[in-house]
Amino acid sequence: MKIGIIGTGYVGLPTGVGLAELGNEVVCVDKIKEKIDDLKAGKLTIYEDGLQDLFEKNIAAGRLSFTTSMRKAVEGADVVLIAVGTPPHPITHEADLKYIYSAATELSTYLTDYTVIATKSTVPVGTGDNIEQLIRLKNPAARCDVISLPEFLREGFAIHDFFNPDRIVVGSNSEKATAVIKELYAPFADKTDILYVSRRSSETIKYASNAFLAMKIHYINEIANFCEKSGADVTEVAKGMGMDARIGKRFLNAGLGFGGSCFPKDTMAMAFMGRAVGTPIELIETTIAGNNKRKEEMAERVLKAVKQIPNAKIAVWGLAFKDGTDDCRQSPAMDVIAALLKNKADITAYDPKAMGTACRILGDKITYADDMYTCVKDADALVILTEWKQFADADLSVVAQLMRSKKIMDFRNMLNPKNTLALGFEYQCIGRKFD
Ligand code: NAD
């Protein structure tokens with residue numbers, strides 16, 4: 265099939281590469297010329313495990329190409345996937361659909377043969393109806409159907425998740441469009457649950473799923489707070505809870521709160537949609553407020569730990585919102601750093617993949633270290649904010665020699681408390697019992 269993909273970000277690019285690997289002819293369009301120039305030159309614009317090889321292989325095979333021309337991506341395509349951003353509106357916090365509607369307007373001109381327009385972006389209920397109306401208005405002769413094809417991939421595992429999805433949800437009100445999508449996803453038919461639902465249900469499934477996972481994270485963080493006061497250990501509690509198949513083990517790691525490009529904006533958008541139709545979803549509203557507060561509380565813990573030290577130097581391990589990605593959008597690490605900077609903290613940070621993206625946000629407000637050991641040199645506190653495996657594997661005896669004051673605040677529960685204490689560190693973590 266010929267596939268056009270609009271938007272070559274964290275969703276569009278791995279999806280394009282994956283679909284090309286399945287044998288489709290994929291043309292990816294982005295309006296940012298620099299991105300397309302890099303991609304055309306064979307340079308990836310995001311970090312994703314396993315992406316590089318497939319990217320190179322499919323370009324070489326002639327199945328994957330990049331352009332800034334909407335016409336080249338859309339004309340003659342069987343399916344056009346919209347994978348542009350849907351950021352939160354700065355004032356109302358609902359999903360801002362300006363990129364969606366602008367993409368729909370642009371693509372409408374180039375629809376020639378029958379085309380399925382599939383929205384991969386996370387969009388509020390009813391957006392498919394609006395896209396359809398907009399296209400009909402701009403190009404009444406267009407032969408197309410608009411469907412919802414929500415994306416569930418996890419950053420850092422995008423390629424793995426593309427080829428091994430837990431489920432595929434297709435929100436279609438058209439049998440013709442459904443038949444096209446069945447053909448596109450035929451390689452998954454035997455190994456993955458494919459759910460066919462109405463367009464509005466599909467749009468809701470995406471938000472309801474993300475909000476549920478965010479609530480699960482916030483819940484275990486509240487249980488961690490309880491454990492800290494009651495003498496229980498949240499890792500043991502989470503293990504016991506997760507053994508119940510009705511609860512499940514995942515998303516029960518207590519930490520410093522959820523973040524990233526999806527959960528914060530999707531919970532806000534879901535909350536907005538609930539209010540808009542007169543049924544506020546209190547659980548989500550509480551989760552958002554609690555999660556915001558949590559990052560401030562974590563920053564306060566750090567400030568309290570170094571309060572007595574004049575001109576304290578704080579080392580930070582981790583900037584990305586989670587391991588396996590360079591994405592710093594709404595990263596809890598960045599929020600904690602912002603709160604520390606408000607208190608004029610002197611921060612040196614290291615992240616294995618996100619130094620470039622973080623630097624574009626923080627500029628010269630912090631110092632960037634070349635590696636995790638240089639980062640802790642002469643520091644008074646080490647704060648672990650992202651769960652990169654290399655931090656768990658760090659040689660703490662080296663860290664102990666390099667630091668000025670031996671304090672570690674492990675907000676991702678990465679380190680072994682006993683080993684850390686044995687090296688003379690003052691150690692704080694999240695909801696674990698270790699004395
Ligand atoms: P992104 O910001 O990384 O990428 C979006 C890309 O779209 C950008 O490169 C931008 O330049 C391009 N773009 C915007 N308007 C365009 C236009 N008119 N023509 C061509 N290109 C255009 O965003 P993302 O993280 O890939 O997310 C995209 C959507 O997928 C969002 O709705 C998001 O909520 C959803 N989603 C994201 C993830 C994730 O892990 N990032 C997972 C599931 C769903």
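Residues 265 to 699, numbered by our numbering, are exactly what the sequence shown covers, in order. Note that CB positions come from ideal geometry on N, CA and C, so glycine has one too. Values in this document were obtained by computation on a predicted structure and should not be read as measured data.
* **Same chain, Cβ closer than 7 Å to VAL715, five either side skipped, listed in chain order** => The structure shown does not extend to residue 715, since the chain is modelled only from 265 through 699, so no value can be given for it.
* Does DSSP put MET619 in a helix, a strand or coil? -> helix
* Spatial neighbours of VAL600 in its chain, beta-carbon cut-off 7 Å, leaving aside the 5 residues before and after -> Closer than 7 Å at the Cβ level, and outside the excluded window around VAL600, lie LEU520, LYS559, MET562, ALA563, LEU649.
* To do: Return the residue from the list ILE611, SER385, ASP591, ALA540 that minimises the CA-CA distance to GLU419.
  => The candidate whose alpha carbon is nearest that of GLU419 is ASP591.
* Beta carbon of ILE445, beta carbon of ILE411: below 8 Å? -> yes
* Asked: With C-beta atoms as the reference, is ALA221 less than 8 Å away from THR612?
  -> The structure shown does not extend to residue 221, since the chain is modelled only from 265 through 699, so no value can be given for it.
* Asked: Should GLY688 and LYS670 be called a contact, given that it needs their Cβ atoms to be closer than 8 Å?
  -> yes
* Asked: Taking 7 Å as the cut-off, is the CB of LYS617 close to at least one heavy atom of ligand 1?
  -> no
* Excluding the 5 residues preceding and the 5 following LYS470 in the sequence, name in chain order all residues of the same chain whose CB lies nearer than 7 Å to its CB. => THR386, PRO414
* For CYS526, is the beta carbon positioned less than 7 Å from some heavy atom of ligand 1? -> yes
* Return the residue from the list GLY506, VAL281, PHE527, VAL338 that minimises the CA-CA distance to ILE323. => The shortest C-alpha separation from ILE323 is found at VAL281.
* Asked: Can you name the start and end residues of the alpha helix (DSSP H) that PHE426 belongs to?
  -> Per DSSP, the continuous alpha helix (DSSP H) segment holding PHE426 begins and ends at 422 to 427.
* Asked: Which residue or residues does DSSP assign as beta-bridge partners of TYR614?
  -> TRP581
* Contained alpha helix (DSSP H) runs [length at least 4] in the region 618 to 665, N- to C-terminal order -> 619 to 626, 636 to 640, 653 to 656
* To do: Could you name the residues of the same chain whose beta carbon sits closer than 6 Å to that of MET619, not counting the 5 residues immediately before and after it, in chain order?
  => TYR632
* Asked: What three-state label does DSSP hand GLN692 in the structure shown?
  -> strand
* Asked: Less than 7 Å between the CB of ILE296 and some heavy atom of ligand 1, yes or no?
  -> yes
* To do: May I ask you to verify whether the region 284 to 294 touches the region 323 to 332, counting CB pairs closer than 8 Å and requiring at least 3?
  => yes
* **Closer than 7 Å: THR531 CB and nearest ligand 1 heavy atom** => no
* Is VAL570 helix, strand or coil by DSSP? -> helix
* **Inter-residue Cα distance where the pair is LEU666 and ARG464** => 56 Å
* To do: Would you check whether ligand 1 has a heavy atom nearer than 7 Å to the C-beta of ILE270?
  => Yes, the beta carbon of ILE270 sits closer than 7 Å to at least one heavy atom of ligand 1.
* Any heavy atom of ligand 1 closer than 7 Å to the Cβ of ALA643? -> no
* Where does MET673 fall in DSSP's three states? -> strand
* With 16 other CB atoms within 10 Å as the buried threshold, where does ARG696 fall? -> buried
* To do: Report yes if the C-beta distance between LEU745 and ILE296 is below 8 Å; otherwise report no.
  => Absent from the model: residue 745. The displayed extent of the chain is 265 to 699, so no value can be given.
* Which full runs of the alpha helix (DSSP H) of 4+ residues lie inside the region 272 to 345, going along the chain? -> 276 to 285, 297 to 304, 315 to 324, 334 to 338
* Reduced DSSP secondary structure (H/G/I, E/B, other) of CYS408 -> strand
* Asked: Hey, out of ILE511, ASP587, VAL344, whose CA is closest to MET678's CA?
  -> Residue ASP587 holds the alpha-carbon nearest to the alpha-carbon of MET678 among ILE511, ASP587, VAL344.
* To do: Starting from the C-beta of VAL348, find all residues in its chain whose C-beta is less than 7 Å away, skip the five residues before and the five after it, and write them out in chain order.
  => ILE270, GLY271, TYR363, ILE364, ALA367, SER385
* Own chain, CB closer than 7 Å to THR638, minus 5 neighbours either side, in chain order -> none
* **Beta-carbon proximity list for LEU448, same chain, < 7 Å, skipping 5 on both sides** => MET265, VAL343
* ligand 1 heavy atom lying under 7 Å from the CB of LYS402 -> Relative to ligand 1, LYS402 has its C-beta separated by 7 Å or more from all heavy atoms.
* For GLY627, which option in ALA643, CYS693, ALA602, ALA645 has the closest C-alpha, if you only look at C-alpha atoms? -> Per the Cα distances, ALA602.
* Asked: In chain order, what residues of the same chain have a beta carbon less than 6 Å from the beta carbon of ALA597, not counting five sequence neighbours either side?
  -> The answer, listed in chain order, is GLY582, LEU583, LEU649, THR650.
* Looking at C-alpha atoms only, which residue of ALA341, ASP393, PRO352 is the closest neighbour of VAL212? -> This structure does not reach residue 212, given that the chain is present from 265 up to 699, and the question cannot be answered.
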